[in-house]
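Below is one structure; the comments refer to it alone.
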Amino acid sequence: MNRTLFPSLALLVGIGLTGRLVATVIPVHHLIITIALGLLIGNLYGIPDWAQTAVGTHKLWLELGIVVMGASVALDRVIAAGPAILLLVVATVITTIVVIELLARIVFVIQEETGSLLAAGSSICGVSAVVAIAESIAADDTRIAYAAATVLLFDATTLFVYPLIGHALGLSETVFGIWAGLTMFSTGPVTAAGFAFSKTAGQWALLVKLTRNSLIGFVAIVYAIYYARTTAEIESKSVTADGGTAGSAVEWRSLWDTFPKFVLGFLAVLIVANLGFLSSAQITSLSNLSDWAFLIAFAGLGLEIQLEDLRSTGYKPVLVVLTGLVIVATVMLFVVQALF
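Just so you know, the sequence shown maps onto residues 1 to 340 in full-length UniProt numbering.
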């Protein structure tokens, strides 16, 4: 295991350090450059067999970076904006789901399950939400792949486009971070785009995105109930003699299974640090660890983005998500600017 893990980790670290070096020459954040370098290497040369082990761990490094970054977040600022952020997140998730579903079913007329998977991926947390919702509605593998490829296409695009738009519009750090956290799809690209704009923007983007992620279980249950009601076979299985107790147990288990557990770690570190249990030196060390974890994670993320897979996506799902993203992102930008 170690014989394959350490050389492949060295590759990710090497890509990250090269990204840092290039960033000293051109005015682009090193995390964006790191992803771009990984994408370039992965698509031109592929991922060697000996590097697969570490590349496959990039999500774990991302989660580690998120957890320990909790030590750098000021809790008083979070509490002050808490109610407004929560309302914005819930409003954005509901609006995105409704807009994508209507576009998929009425405007572009694509298959119902595909539209639901696109709505979930766009509103919550990208491919993770696509997979979670697919399990709750027993979606066909082909539709899962179709929706996942579409979401990945926008992940790969928005992580570069959002910072450019933010700078072009002269958005403040807080406004950009909240806007990116509300409207971008997957956690990795949101984090990269946020920190590419500024450290403060990155922290806000991550806080808002984690709040969105925590809603995945509730959305999965809602979709499961909706599709169960439209499928007679599932309905019949859900009927129990005790009035539905078993169904409730399944729903709570689904909620816990789909809940992103690393969010709890982030909250725990945030609370411990803000209660004064960590010294400034320890907080600095955790911040440095977070930076290194993100560097490794985004090198792996770049390597895993395969342009060939993205080309297989049909134009209708792309148009559905593009139209929905433009509508929701535009509306939420005005709302965030008005509030913050």
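Each residue gets a CB set at the ideal place from its N, CA and C atoms; glycine is no exception.
Cβ neighbours of residue i in the same chain (closer than 7 Å, five flanking residues each side left out)
i, result
"Ile283", "Ala71, Ser72 and Ala273"
"His29", "Ala23, Phe195 and Ala196"
"Gly202", "Gly177, Thr191, Gly194 and Phe195"
"Ala134", "Leu117 and Ile144"
"Thr95", "Val328"
"Ile35", "Leu159, Ala192, Phe298, Leu301 and Gly302"
Cβ-based neighbour list, residue i, same chain, cut-off 6 Å, excluding 5 preceding and 5 following
i, result
"Leu17", "none"
"Leu11", "Ala51"
"Val294", "The identity of residue 294 in the sequence shown is Phe, whereas the question assumes Val. Gly65."
"Ala232", "Bear in mind that the predicted position of Ala232 carries a pLDDT of just 43, short of 50, making it too unreliable to give a figure here."
"Asn43", "Leu307"
"Val175", "Val336, Gln337 and Phe340"
"Phe334", "none"
Assigned secondary structure, residue i (DSSP; H/G/I helix, E/B strand, else coil)
i, result
"Leu278", "coil"
"Glu233", "No answer about Glu233 holds up, because its pLDDT of 45 lies below 50 and its placement is not dependable."
"Ser214", "coil"
"Tyr45", "coil"
"Val28", "coil"
"Val331", "helix"
"Phe154", "helix"
"Ser136", "helix"
"Gly300", "helix"
"Pro53", "One detail in the question is off: residue 53 reads as Thr in this sequence, not Pro. Correct three-state label for Thr53: helix."
"Ile305", "coil"
"Gly65", "helix"
"Ala246", "Confidence in Ala246 is poor, its pLDDT being 49 and thus under 50, which makes the residue's placement too unreliable to answer from."
"Ser123", "helix"
"Ser128", "helix"
"Lys261", "coil"
"Val321", "helix"
"Ile97", "helix"
"Gln111", "coil"
"Leu171", "coil"
"Ser198", "coil"
"Phe176", "helix"
"Ser72", "helix"
"Phe185", "coil"
"Phe340", "coil"
"Ala10", "helix"
Neighbourhood of residue i by C-beta, 8 Å cutoff - its chain only, sequence neighbours within 5 removed
i, result
"Ser236", "Because the pLDDT at Ser236 is just 46, under 50, the model does not fix this residue reliably, and the value given afterwards should be weighed accordingly. Same-chain partners within the cutoff: there are none."
"Leu37", "Ile15, Thr18, Gly19, Val22, Ala299 and Gly302"
"Glu101", "Gly115, Ser116 and Ala119"
"Val151", "Leu118, Gly121, Ser122, Gly126, Val127, Val130, Phe185, Ser186 and Val321"
"Tyr223", "Ser116, Ala120, Ile133, Ser136 and Ile137"
"Val331", "Thr95"
Closer than 8 Å: residue i CB and nearest the ligand ZN heavy atom
i, result
"Ala196", "With respect to the ligand ZN, the structure shown offers nothing to examine, as it has no ligands at all."
For the region 281-295 against the region 46-66, do three or more pairs of beta-carbon atoms, one drawn from each stretch, fall closer than 8 Å, so that the two count as touching? yes
Is the region 211-227 in contact with the region 120-131, if contact means three or more CB pairs nearer than 8 Å? yes
Taking one C-beta from the region 97-108 and one from the region 312-327 each time, how about it: are there three or more such pairs within less than 8 Å? yes
Can you find at least 3 beta carbon pairs, one from the region 82-98 and one from the region 203-212, that sit closer than 8 Å? yes
Using 8 Å as the cut-off, can you tell me whether the region 176-193 makes contact with the region 88-97, which would need three or more C-beta pairs spanning the two stretches below that distance? yes
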